[in-house]
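Protein chains in written order, with the numbering used here: chain A, 531 to 731; chain B, 108 to 295.
All C-beta atoms, glycine included, are put in the ideal place defined by N, C-alpha and C.
Comments concern the structure below.
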Amino acid sequence: MARLGDITIPPELLQKAVQGDEAAQAVVYTSTAGATFALIRRIISNRAVAEDLFQETMMTLFERLPEFRGEAPLGAWLRRIAVSKCLMYLRSPWHRVRLQLENESEPEIHQGLSALITPAPPVESLDVERALLSLPVTARAVIWLHEVEGYSHEEIGRLFGRTVSFSKSQLARAHQKLREWFESGQDRQLCTSIQSNSKVL
Amino acid sequence: MHIDPEQQQGPVGHCLRNLPQELDQPYDWAEFRRRARVRTAVAVRRSATYRSWLAAAAALVLVVLALAAWTRLGRSDPTPPVAHLETNPPVLESRGDPGYSASTDRRTDAAERWLASLPREPVVVRVGTRAVVTGLEDRIAQLDDYLSAARVEGVQPAALAGAEEQRALLVKSLAQVRYAETLVAEVR
Chain A
531 MARLGDITIP PELLQKAVQG DEAAQAVVYT STAGATFALI RRIISNRAVA
581 EDLFQETMMT LFERLPEFRG EAPLGAWLRR IAVSKCLMYL RSPWHRVRLQ
631 LENESEPEIH QGLSALITPA PPVESLDVER ALLSLPVTAR AVIWLHEVEG
681 YSHEEIGRLF GRTVSFSKSQ LARAHQKLRE WFESGQDRQL CTSIQSNSKV
731 L
Chain B
108 MHIDPEQQQG PVGHCLRNLP QELDQPYDWA EFRRRARVRT AVAVRRSATY
158 RSWLAAAAAL VLVVLALAAW TRLGRSDPTP PVAHLETNPP VLESRGDPGY
208 SASTDRRTDA AERWLASLPR EPVVVRVGTR AVVTGLEDRI AQLDDYLSAA
258 RVEGVQPAAL AGAEEQRALL VKSLAQVRYA ETLVAEVR
């Protein structure tokens, strides 16, 4: 499956979608929905919130499709929209309050529930998934944008409305936490963790 | 400037890039269209509600401004200009004062005429001041009754000097209180 930033759509299909051809719009949606949703889910672990942001992203895509000039792949343009929506949500006062309330609860339960909600990935990557979920949401967003999506520190700082130093410090913090996670040997407990968390529900 | 992720050398980045591209599937095109229609309908309703609230707020502001303007215009004061009073406040002397003279009677008459020209109640009624004014007016009225009755009975004027003097003091006090009320009302 191609990354979102690499997804392209034939120009004639895009033209039909702009003109309101529902079949063409459905193809555009189907081609980009999976990767878009995955990107948003990497940043926003809560599925309900991720679905809201995904809906907003795709609606914005079709509203602004006439403005797309084709200078870059459509997926890259869509990725910018998705990341912008996610970071606007993270920067909102409502989310900051909600995040504070969530951080007061036990992180292990959230990790277990997140693993249960999503279809279980291959075992060898489950520990990485859990390690990623264990990060604070801002650090997770920064490390994903930098390491996977290829955003520079300048771009990340601008998206967050902060400085380059902010991006670098968040990235360093995320790396350190991930190293601690792997060094602590928690990956050996992943089977028992899932079984015990199934009792929580 | 964007960075090619593949050029990132760190092992953490390598692990992250090897994660599955799709965790779980979102809803299909039909569900997307349904949710989009719902969101659009909600947005239209919210916009209409917002517009109606805005119109109501604007109407309320206009009503308040109109009331304020009408109240301001309705406060046209029939009393003599305050400037005249500021430069020529009623000054009274009692008969017992060394400087008392027949002109004091004329000043008392002038103060009474000025008091009579004032509205029965000021625009802004202050409870404490109104009680004082009422008390003074009552005392003056009582003395007037006494003096009238005494003159009818033929009491000598010299015997009524004390009462006259007390009445003049009360009129002086009343004029000062009403003068203060007038100044306060003009300042407001």
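Annotation for A:Thr587: the continuous alpha helix (DSSP H) segment containing it runs Arg577 to Arg594. In the DSSP assignment, A:Thr538 falls outside any alpha helix (DSSP H), carrying neither H nor E. The beta-carbon separation of B:Pro133 and A:Phe567, rounded to 4 Å, stays under the 8 Å limit for a contact. Under the three-state reduction of DSSP output, A:Ile673 falls in the helix class. Interface with chain A (8 Å Cβ-Cβ cutoff): B:Trp160 is excluded. At a Cβ-Cβ threshold of 8 Å, A:Leu608 and A:Ala671 do not count as neighbours. In the structure shown, A:Ile611 adopts helical secondary structure according to DSSP, grouped into three states.
Residue-level contact check: A:Gln700 does not touch chain B, since none of the beta carbons of chain B fall below 8 Å from its beta carbon. The three-state reading of DSSP puts A:Ser682 in coil, since its state is none of H, G, I, E or B. Residue-level contact by beta carbon holds for B:Ala143 and chain A, with a gap shorter than 8 Å. Nearest neighbour of A:Ile570 by Cα position, chosen from A:Gln555, A:Arg610 and A:Lys546, turns out to be A:Arg610.
Runs of alpha helix (DSSP H) with 4 or more residues, each lying fully within the stretch 208-289 of chain B, are found at 209-224 and 234-259, listed in chain order. In chain order, Glu677, His705 and Leu708 make up the part of chain A whose C-beta sits under 7 Å from the C-beta of B:Val119. Around the beta carbon of B:Gln249, a 10 Å sphere encloses fewer than 16 other beta carbons of the protein chains shown; the residue is thus reported as exposed.
Rounded to whole angstroms, the separation of the alpha carbons of A:Leu662 and A:Leu591 is 28 Å.
Contact between A:Phe690 and A:Arg621 holds, since their C-beta atoms are separated by about 7 Å, short of 8 Å. Three or more beta-carbon pairs separated by less than 8 Å link the stretch 272-288 of chain B to the stretch 212-224 of chain B, which places the two stretches in contact.
About 12 Å separates the CB atoms of A:His676 and A:Val694; that is not less than 8 Å, and the two are not in contact.
A:Pro603 is positioned such that its CB atom lies no closer than 8 Å to that of A:Thr560. In the structure shown, A:Arg688 falls within a helical segment according to DSSP collapsed to helix, strand and coil. The C-beta of B:Arg153 comes no closer than 8 Å to any C-beta of chain A. Sequence-distant partners of A:Thr562 (beyond 5 residues in either direction) whose C-beta falls short of 6 Å from its own C-beta, in its chain, are Ile537 and Leu608. Not one beta carbon of chain A lies nearer than 8 Å to the beta carbon of B:Gln283. Pairing B:Gly120 with A:Leu583, the inter-Cα distance amounts to about 25 Å. Rounded to the nearest whole angstrom, the CA to CA distance from A:Lys698 to A:Lys546 is 43 Å. Within 10 angstroms of the beta-carbon of A:Tyr619 lie 16 or more other beta-carbons, which makes it buried. Around B:Pro226, no beta-carbon contact reaches into chain A at under 9 Å, the shortest distance being about 55 Å.
Under a criterion of Cβ atoms nearer than 9 Å, no residue of chain B is adjacent to A:Met618; the nearest Cβ is some 17 Å distant.
Not flagged as an interface residue toward chain B: A:Glu601, since no C-beta distance is shorter than 8 Å. In this structure, B:Ile247 lies near B:Arg274, with their beta-carbon atoms less than 8 Å apart. Close to chain B, meaning a Cβ-Cβ distance shorter than 7 Å, are the following residues of the stretch 546-580 of chain A: Ala556, Tyr559, Thr560, Ala563, Gly564, Ala565, Phe567, Ala568 and Arg571. From the beta-carbon of A:Val694, no residue of chain B is found nearer than 7 Å; the closest lies around 12 Å away. In terms of CA proximity to B:Leu222, B:Thr289 leads the group B:Thr289, B:Ala175 and B:Gly117. In this structure, B:Arg141 and A:Gln585 do not form a Cβ contact; the two beta carbons are roughly 10 Å apart against a cut-off of 8 Å. Looking from the CA of A:Gln700, the closest CA among A:Ile673, A:Ala580, A:Arg594 and A:Gly550 belongs to A:Ile673.
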